[in-house]
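K.L.:
If you're matching positions, the sequence shown starts at 28 in the numbering used here and goes up one per residue.
Virtual Cβ for every residue (Gly too), placed ideally from N, Cα, C.
Just so it is clear, the structure is predicted and the values come from calculations on it, not from any experiment.
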Amino acid sequence: MSDSGDSFWGRTEESEFSYVVTVPGTSRQVSLSAVQDRKICAGTPKFPSHGHCVWDAALLLADYLQTKAKDVSQSTGDNEEEERFCFRGKKVAELGAGVGLVGMTLAVLGARVVLTDQKYALPLLTKNVTVNFVGQGEGGPSALTDAVAPTVEECQWGEPFKSGGCLAAWAKSTDMVVFSDVLYHASAYMLLMKTLHDLSSPATD
Numbered sequence: 028m029s030d031s032g033d034s035f036w037g038r039t040e041e042s043e044f045s046y047v048v049t050v051p052g053t054s055r056q057v058s059l060s061a062v063q064d065r066k067i068c069a070g071t072p073k074f075p076s077h078g079h080c081v082w083d084a085a086l087l088l089a090d091y092l093q094t095k096a097k098d099v100s101q102s103t104g105d106n107e108e109e110e111r112f113c114f115r116g117k118k119v120a121e122l123g124a125g126v127g128l129v130g131m132t133l134a135v136l137g138a139r140v141v142l143t144d145q146k147y148a149l150p151l152l153t154k155n156v157t158v159n160f161v162g163q164g165e166g167g168p169s170a171l172t173d174a175v176a177p178t179v180e181e182c183q184w185g186e187p188f189k190s191g192g193c194l195a196a197w198a199k200s201t202d203m204v205v206f207s208d209v210l211y212h213a214s215a216y217m218l219l220m221k222t223l224h225d226l227s228s229p230a231t232d
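1. Less than 8 Å between the C-beta atoms of residue 207 and residue 59, yes or no?
2. Using beta-carbon positions only, say whether residue 209 and residue 151 come within less than 8 Å of one another.
3. In three-state DSSP terms, what is residue 60?
4. Starting from the C-beta of residue 141, find all residues in its chain whose C-beta is less than 6 Å away, skip the five residues before and the five after it, and write them out in chain order.
5. Excluding the five sequence neighbours on either side, which residues of its own chain have a C-beta within less than 7 Å of the C-beta of residue 218, listed in chain order?
6. In whole angstroms, what is the alpha-carbon distance linking residue 216 and residue 135?
7. Tell me which same chain residues have a C-beta within less than 7 Å of the C-beta of residue 124, skipping the five on either side of it?
8. Exposed or buried, residue 173, counting other C-beta atoms within 10 Å across all chains shown (16 or more means buried)?
9. Can you name the start and end residues of the alpha helix (DSSP H) that residue 219 belongs to?
10. How many angstroms separate the CA atom of residue 69 from the CA atom of residue 81?
11. Just list the residues that DSSP pairs residue 46 with in beta bridges.
12. If residue 109 and residue 97 are in contact, beta carbons under 8 Å, what's the gap, nearest whole angstrom?
13. If you drop the 5 nearest sequence neighbours on each side, which residues of the same chain put their C-beta closer than 6 Å to that of residue 205?
14. Suppose you measure from the CA of residue 85 to the CA of residue 161; what does that come to, to the nearest Å?
15. Please go through the same chain and pick out, in chain order, the residues whose beta-carbon is closer than 8 Å to the beta-carbon of residue 112, but skip the five residues on each side of it.
16. Buried or exposed: where does residue 211 fall if 16 or more other Cβ atoms within 10 Å of its Cβ makes it buried?
17. Looking only at its own chain, which residues have a Cβ that is under 8 Å from the Cβ of residue 158, when we skip the five neighbours before and after it?
18. Rounded to whole angstroms, what's the CA-CA distance from residue 223 to residue 213? Just pull it up for me.
19. Rounded to whole angstroms, what's the CA-CA distance from residue 32 to residue 54? Just pull it up for me.
20. Taking the continuous beta strand (DSSP E) assigned at residue 181, which residues delimit it?
21. In three-state terms, what does DSSP make of residue 142?
Structure, rendered in structure tokens:
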């Protein structure tokens, strides 16, 4: 969980930000590291991007999802609210993921996650997945839990999904789509709506 006293402007000056996730149904805690380094990003974004740091809305969303998360063993199977927040095995796409904190949190909570953003942000997203899920031995999320490392994929809103990727495979069948602090420019509104339409079914949260 985040510290309510965290200062956004203080966070942006840090090269790395730590965030603790509690595994549902246990007392186990996993510490995620969010590398914040614009220099790792590639070239110039198609749309202006501030995705190299952890924003307050991402922290609030990650905190909310943690608070609501249910372990499979806690679900009775007949409660829609409980089922919604039983993340284990669910297909979750994070749009405009930036450093990927929300999506990585959901991965620790048991979801199958694809982290997406403009091509510009992908090297930083990949770095954060590597730091947290690859080669961490006994101390990493994949060792402490059965978390599966998120996939990283380019997603330019309004454009067709890349053939062979998770988004193309999950089109119209994604269980949940999450995003935070992504709308800065009115020109992107309808593009985001098209991507949401392409990903979602009536059952998508």
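P.N.:
In short, the structure shows the following:
1. no
2. no
3. strand
4. 120, 178, 180, 193
5. 184, 185
6. 30 Å
7. 130, 142, 143, 144, 152
8. exposed
9. 216-226
10. 18 Å
11. 59
12. 5 Å
13. 121, 129
14. 23 Å
15. 92, 95, 96, 97
16. exposed
17. 60, 62
18. 16 Å
19. Legend: pLDDT at residue 32 = 46, less than 50; position of this residue unreliable, value from coordinates given subsequently. So the two alpha carbons sit approximately 23 Å from each other.
20. 178-181
21. strand
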